[in-house]
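Below you'll find the structure, written out as structure tokens, and then a few comments.
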Amino acid sequence: MVPRDKKDIMSGKNSHTLTCKNLKQIGKAWILHLLLILVVFGPGLADGATTTYRDKLGRVVTISIPVKRAVFLISYELIPVMDIWDDVVGLGRWAYEDDVMRATKPDLKASIPSVGSGSDVNMEALLRLRPDLVITWTFKPELVKFMEERGLKVVAIYPESINELYEVMRFHGKVFQRETRIEYTIAEMERYFGLIRERVSGIPEAQKRKVLYLGGKPTSVSAKLGVTNDIIELIGGRNPAATIAQRNADVPIERILAWNPDVIVIWGNAKYTVSDLIESDHWRVLEAVRKRRVYKSPEWSTWSPRLAPYALWMAAMAYPKRFTDINLDRMVKRFQKNVFGISYKDL
55 MVPRDKKDIM
65 SGKNSHTLTC
75 KNLKQIGKAW
85 ILHLLLILVV
95 FGPGLADGAT
105 TTYRDKLGRV
115 VTISIPVKRA
125 VFLISYELIP
135 VMDIWDDVVG
145 LGRWAYEDDV
155 MRATKPDLKA
165 SIPSVGSGSD
175 VNMEALLRLR
185 PDLVITWTFK
195 PELVKFMEER
205 GLKVVAIYPE
215 SINELYEVMR
225 FHGKVFQRET
235 RIEYTIAEME
245 RYFGLIRERV
255 SGIPEAQKRK
265 VLYLGGKPTS
275 VSAKLGVTND
285 IIELIGGRNP
295 AATIAQRNAD
305 VPIERILAWN
315 PDVIVIWGNA
325 KYTVSDLIES
335 DHWRVLEAVR
345 KRRVYKSPEW
355 STWSPRLAPY
365 ALWMAAMAYP
375 KRFTDINLDR
385 MVKRFQKNVF
395 GISYKDL
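Each residue of the sequence shown is one higher than the last, beginning at 55 in the numbering used here.
As structure tokens, this is what we get:
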């Protein structure tokens with residue numbers, strides 16, 4: 055007969071051995087169970103996540119992420135950048151005129167409906183789409199409020215600098231869970247901006263050219279606020295209209311004559327042409343006109359990643375001798391391919 059204490063010791067040893075085996079089996083079972091949960095339910099685990107964003111109207115908007123049903127009334131060129139076509143249920147009407155949008159999605163008009171524009175939203179069509187998020191601009195705050203009162207999540211944007219544009223892009227990356235793609239795009243933009251800064255960094259202040267940007271009519275100028283003024287400063291220019299603390303301003307021709315700009319850039323969508331200025335008796339006395347430094351912009355949005363190659367084009371127009379070795383056509387093609395995945399042939 056085994057002494058009692060010996061039995062207890064043996065019993066304890068055996069119990070310990072069994073417990074370890076059981077724990078290992080239970081641990082394996084739980085790992086398999088958790089993996090099964092992640093496989094089956096994983097895509098939906100993040101659905102309960104939210105983020106907040108303070109938009110340009112000062113509204114703090116709470117958004118469920120990732121967004122799966124979005125309407126883009128503005129900033130639609132970020133759709134092909136992030137490749138989120140499956141998450142877009144509606145577009146502003148101007149998206150169908152955009153060359154990048156048409157090139158990246160040839161069936162655009164047939165596959166994604168229009169809901170008007172940021173200035174005249176078709177509310178009936180918009181509500182039918184049941185969007186998770188509507189991205190618009192600040193042109194009509196009352197329209198933003200109108201949409202919000204009908205239960206829609208609305209974010210209003212209006213980037214007024216390169217840094218604000220980056221912030222807007224990062225907001226898109228976060229709510230659509232495309233942060234990596236957005237950071238890559240910003241890095242590509244910075245590559246072009248860095249080239250510009252390098253080429254114009256040695257220009258003495260007194261030799262910086264006065265660059266005037268004209269809008270929808272010849273007397274409408276880009277003033278101190280906004281992305282355009284940021285670009286003029288980036289390319290080593292001086293904006294004579296920066297004395298006006300506005301985004302844009304209508305000024306008398308006499309004021310433009312007094313400024314006497316060295317370079318004039320016309321908005322790409324303006325209805326007038328370079329010839330209209332060069333052949334005008336009023337404008338021909340200007341330094342920019344006499345030296346034939348008047349240029350019509352490409353029809354590219356300054357709220358798009360294409361701001362980078364646009365700035366390079368603008369810098370080359372302002373200071374052509376500093377960019378003689380730069381093949382603009384090749385640089386633009388490279389950017390289109392890397393950021394949007396398209397070639398000139400597609401456009």
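Note that beta-carbon positions come from the ideal geometry of N, C-alpha and C, so glycine has one too.
TODO: Please name the residue, chosen from Ser-165, Thr-190, Thr-297, Lys-350, that lies closest to Ala-324 on a Cα-to-Cα basis.
DONE: Lys-350
- [ ] From the DSSP output, in three-state form, read off Gly-417 for me.
- [x] Beyond the ends of the chain as shown, which are 55 and 401, falls residue 417; an answer cannot be given.
TODO: Output yes or no for whether 7 Å exceeds the beta carbon distance between Leu-127 and Gly-172.
DONE: yes
Task: Of the listed residues Lys-122, Lys-199, Ala-370, nearest to Lys-228 (C-alpha basis) - done: Lys-122
Open item on the list: Which residue wins for smallest C-alpha separation from Glu-221, given the options Tyr-107, Ala-372, Glu-353?
Closed with: Tyr-107
TODO: For Trp-148, name the three-state secondary structure that DSSP assigns.
DONE: helix
Open item on the list: On the DSSP letters alone, give me the boundaries of the alpha helix (DSSP H) that Leu-266 sits inside.
Closed with: Counting along the chain, Leu-266 sits inside no alpha helix (DSSP H); it lies in the beta strand (DSSP E) bounded by residues 265 to 268.
Open item on the list: Less than 7 Å between the beta carbons of Val-209 and Val-115, yes or no?
Closed with: Closer than 7 Å, so yes.
- [ ] Could you pull the start and end residues of the beta strand (DSSP E) that Asp-304 belongs to?
- [x] 302 to 304
Open item on the list: Quick check: what's the CA-CA separation for Thr-327 versus Ser-274?
Closed with: Each residue's Cα considered, the two are about 14 Å apart.
- [ ] Could you tell me if Ala-157 is buried or exposed, where buried requires 16 or more neighbouring beta carbons within 10 angstroms of its beta carbon?
- [x] Answer is buried; the Cβ neighbour count reaches 16.
- [ ] From the DSSP output, read off the bridge partner residues of Val-209.
- [x] Ile-189
Open item on the list: What does DSSP give as the partner residue(s) for Tyr-238 in the beta ladder?
Closed with: According to DSSP, Tyr-238 bridges with nothing at all.
- [ ] With a cut-off of 8 Å on the beta carbons, I'd call Pro-363 and Phe-389 a contact; round off their distance for me.
- [x] 5 Å
Open item on the list: Less than 7 Å between C-beta atoms, sequence neighbours within five positions excluded: which residues of the same chain meet that for Phe-247?
Closed with: Taken in chain order, the residues that qualify are Leu-288, Ala-362, Ala-365.
- [ ] Go to Ser-329, then tell me how far its beta strand (DSSP E) extends in each direction, as first and last residue.
- [x] From DSSP, Ser-329 is part of no beta strand (DSSP E) but of the alpha helix (DSSP H) over 328 to 332.
Task: Three-state class that DSSP yields for Gly-172 in the structure shown - done: coil
Open item on the list: Is any non-hydrogen atom of the ligand HEM found closer than 6 Å to the C-beta of Tyr-267, if you look at the structure I gave you?
Closed with: Absence of the ligand HEM from the depicted structure is noted, as is the absence of any ligand whatsoever, leaving it without description.
Open item on the list: Going by C-alpha to C-alpha distance, which of Pro-306, Val-348, Ala-295 sits closest to Tyr-373?
Closed with: Val-348
Open item on the list: By alpha-carbon positions, which one of Ile-189, Ala-124, Met-136 ends up nearest to Leu-111?
Closed with: Ile-189
TODO: Would you kindly work out how many angstroms separate the C-alpha atoms of Ile-138 and Phe-230, rounded to a whole number?
DONE: Straight-line measurement puts the Cα of Phe-230 at about 8 Å from the Cα of Ile-138.
Task: Paired residues, beta bridge with Ser-129 - DSSP - done: According to DSSP, which records beta bridges pairwise, Ser-129 is partnered with nothing at all.
Open item on the list: Can you tell me where the beta strand (DSSP E) holding Ser-274 begins and where it ends?
Closed with: 274 to 276
TODO: Count the C-beta pairs between the stretch 267 to 286 and the stretch 306 to 322 that are closer than 8 Å, then say yes if the count reaches three, no if not.
DONE: yes
Open item on the list: Can you give me the C-alpha to C-alpha distance between Glu-242 and Arg-147, rounded to a whole angstrom?
Closed with: Here the C-alpha atom of Glu-242 lies approximately 28 Å from the C-alpha atom of Arg-147.
Open item on the list: Is it the case that the stretch 249 to 267 contacts the stretch 304 to 315, given that we only count it when at least three CB pairs across the two stretches are under 8 Å?
Closed with: Short answer: they touch.
Task: Spatially closest choice to Phe-225 from Pro-160, Ile-133, His-336, by CA coordinates - done: Measuring from the Cα of Phe-225, the nearest candidate turns out to be Ile-133.
Task: Assigned exposure category for Ser-397 - 16 Cβ within 10 Å defines buried - done: exposed
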